[in-house]
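Working notes, beginning with the structure itself.
Number of protein chains: 2
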Amino acid sequence: MQTNIRLTLQYDGTDFNGWQLQLGRPETRTVQGVVEKAIEEIVGGSVRLMGSGRTDAGVHAKGQVANFHTNNPIPVDRWVFALNCLLPPDVVVTNAEEVPTDFHAQYSAVGKTYYYYIWNNICQNTFLRNYSHHVRRKLRLSAMEEAASYLKGTHNFRSYCSSGSSVKNFVRTIKAIDFETREQILIFQITADGFLYKMVRTIVGTLLEIGMGKYPPEWIKEVLSARSREAAGPTAPAHGLFLQEVFYG
Amino acid sequence: MQTNIRLTLQYDGTDFNGWQLQLGRPETRTVQGVVEKAIEEIVGGSVRLMGSGRTDAGVHAKGQVANFHTNNPIPVDRWVFALNCLLPPDVVVTNAEEVPTDFHAQYSAVGKTYYYYIWNNICQNTFLRNYSHHVRRKLRLSAMEEAASYLKGTHNFRSYCSSGSSVKNFVRTIKAIDFETREQILIFQITADGFLYKMVRTIVGTLLEIGMGKYPPEWIKEVLSARSREAAGPTAPAHGLFLQEVFYG
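Chains as they are written, first to last, in our numbering: chain S, 233 to 481; chain P, 233 to 481.
Here it is, written out as structure tokens:
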């Protein structure tokens, strides 16, 4: 009797070459590769782990979701402990549950939340050096908040999509977009029904141009209507980005 | 004209062999050694950096204080930038100021605050793995709080001092001792006029025995009156400890 197991994963992306297994390059350390190997050690056979989506090299996750099918009779509540015993310290399984056979971590997802951490201070914060983007110049938060609000809703986000993606449909719906300050760390929080390739990092890079006073908040609307990646700001660095949560119906 | 410069330092203790320079072992990476070398590169001569006290291997600091004397005419407000350009990413100078000639980071200190971070959860938190002590068993916080309150005030803390220290006077005054929970992290906070060798980690190790239900809160008083290190609990691991602040008159 095959069961479908859904895992919730947390990982520190610093020493990973992203989520996705790189076929033909088994020496490349990826989260998918490391977790698949741990599952395979337990079930004693080959397993395919499906993630909700890939995260790039250096990107972190607090709530990545993935699933796999197995005939192994191990009770579902044992998976967390069993996997964490085998996994390296930079990946942790925080939950495991049995889900219907047709559940697919990527195709069943109806939304995601990403956080992007910004350390806005003249001095670096050594404890955040791998977990936030350090911006020395004082940011105008209110301008960034105003600009972010213009992105809310349904738009064609082609300008915020890096090349290297094969998607044809660039329309996405941003359900929530906000900044929060927690212990002096500026946290950009964005929830959408889906994200294009490097979309969050391009939005953050564009918002930072506005925060540094290079453009007014309304510029973000011009970028949006240009429908060209060249119109937007630079891609913000990977190590400030966290996949926070994946939503299912 | 010699000036006395006081630095405030932040460091990630993970890859350091503690604060103190190990004479005769120049290959050992210490915070004092790394910062002295950066100062020496700027002034072009030998410098002795005095810290408020040593921190052990693996212990972190958010507000370590140190001072040094120099004839170099560089304006005091340039030291932060100049040093941070030369320092590795795991040490940051957050402040530099000129202080009276007789200021001494260790002897002028009138108190210190340490924080000890505990991640009390069945699952590890990968982002805290180097910055907190992971305790799986559910801790009884109220028992730990009660026990901690018995340590407040002036006592002979010999039971909470590891051997390897040359001090003769074991009397210290704990001015504040408390727990705070922040984003599910349990933070033990302690302020005293001074600390004995491994005193905070021994107090935490003893409080954890109480939190795990091995002893009642009152046991901490028995440990105190025993005046013997054997009476106390184990030394909690170094990587949960942060030197938070040093106070001067």
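Idealized CB from N, CA, C, for every residue including glycine.
Going along chain S in order, which residues have a C-beta closer than 7 Å to the C-beta of residue i?
i: Arg-361 of chain P; result: Pro-321
i: Thr-358 of chain P; result: Gln-242, Tyr-243, Asp-244, Pro-321, Asp-322, Val-323, Val-324
So with Cβ pairs under 7 Å, would you call residue i a contact of chain S?
i: Thr-287 of chain P; result: no
i: Val-324 of chain P; result: yes
i: Cys-317 of chain P; result: no
How many whole angstroms separate the CB atoms of residue i and residue j, which I take to be in contact at a CB cut-off of 8 Å?
i: Leu-428 of chain S; j: Arg-459 of chain S; result: With a Cβ gap of about 12 Å, Leu-428 of chain S and Arg-459 of chain S do not count as contacting.
i: Ile-354 of chain P; j: Lys-384 of chain P; result: Wrong, their Cβ atoms sit about 32 Å apart, outside the cutoff.
i: Asp-322 of chain P; j: Tyr-243 of chain P; result: 6 Å
i: Leu-239 of chain P; j: Gln-264 of chain P; result: Incorrect: roughly 11 Å between the Cβ atoms, too far for contact.
i: Leu-253 of chain S; j: Thr-246 of chain S; result: Incorrect: roughly 19 Å between the Cβ atoms, too far for contact.
i: Phe-185 of chain S; j: Ile-271 of chain S; result: There is no way to answer for residue 185 of chain S, as the model of chain S reaches only from 233 to 481.
i: Gly-250 of chain S; j: Ala-289 of chain S; result: 4 Å
i: Val-324 of chain S; j: Gln-234 of chain P; result: So it is not a contact: roughly 52 Å between Cβ atoms.
i: Tyr-346 of chain S; j: Leu-473 of chain S; result: 6 Å
i: Leu-456 of chain P; j: His-387 of chain P; result: 6 Å
i: Ala-379 of chain P; j: Ile-452 of chain P; result: 4 Å
i: Pro-449 of chain S; j: Ala-375 of chain S; result: 5 Å
i: Ala-470 of chain P; j: Val-291 of chain P; result: 5 Å
i: Asn-352 of chain P; j: Val-367 of chain P; result: 5 Å
i: Val-483 of chain P; j: Thr-302 of chain P; result: The question about residue 483 of chain P has no answer, for chain P in this structure spans 233 to 481.
i: Phe-248 of chain S; j: Tyr-348 of chain S; result: Actually they are not in contact, since the Cβ atoms of Phe-248 of chain S and Tyr-348 of chain S sit about 18 Å apart, beyond 8 Å.
i: Val-478 of chain P; j: Lys-344 of chain P; result: 5 Å
i: Val-308 of chain P; j: Ala-328 of chain P; result: 6 Å
i: Ile-442 of chain P; j: Ile-422 of chain P; result: The Cβ separation is near 15 Å, so there is no contact.
So which residues of chain S does residue i contact, with C-beta pairs closer than 8 Å?
i: Phe-338 of chain P; result: Note that residue 338 of chain P corresponds to Gln in the displayed sequence, not to Phe. The premise fails here: Gln-338 of chain P is roughly 23 Å from chain S at the closest Cβ pair, so nothing lies under 8 Å.
At least one CB of chain A closer than 7 Å to the CB of residue i: is that the case?
i: Ile-435 of chain P; result: Of the protein chains in this structure, namely S and P, none is chain A.
If you measure from the CB of residue i, is any heavy atom of the ligand PLP nearer than 6 Å?
i: Glu-378 of chain P; result: What this structure holds is no ligand at all, so the ligand PLP is not there to describe.
*Could you tell me which uninterrupted beta strand (DSSP E) segments, each at least 3 residues in length, are contained entirely in the segment 341 to 388 of chain P, listed from first to last along the chain?*
Counting whole runs of 3 or more residues, the segment 341 to 388 of chain P contains the beta strand (DSSP E) stretches 341 to 352, 365 to 367, 385 to 388.
_List, from N- to C-terminal side, the beta strand (DSSP E) runs of 3 residues or more that fit wholly inside the segment 381 to 446 of chain P._
385 to 388, 403 to 414, 417 to 424
*In chain order, what residues of the segment 293 to 317 of chain S put their CB closer than 9 Å to some CB of chain P?*
Per Cβ criterion, the list reads Lys-294, Val-312, Phe-313, Asn-316.
*Using a beta-carbon distance cut-off of less than 9 Å, what residues from the segment 390 to 410 of chain P approach chain S?*
none
_Complete runs of the alpha helix (DSSP H) confined to the segment 261 to 333 of chain P [at least 4 residues]_ = 263 to 275, 311 to 318
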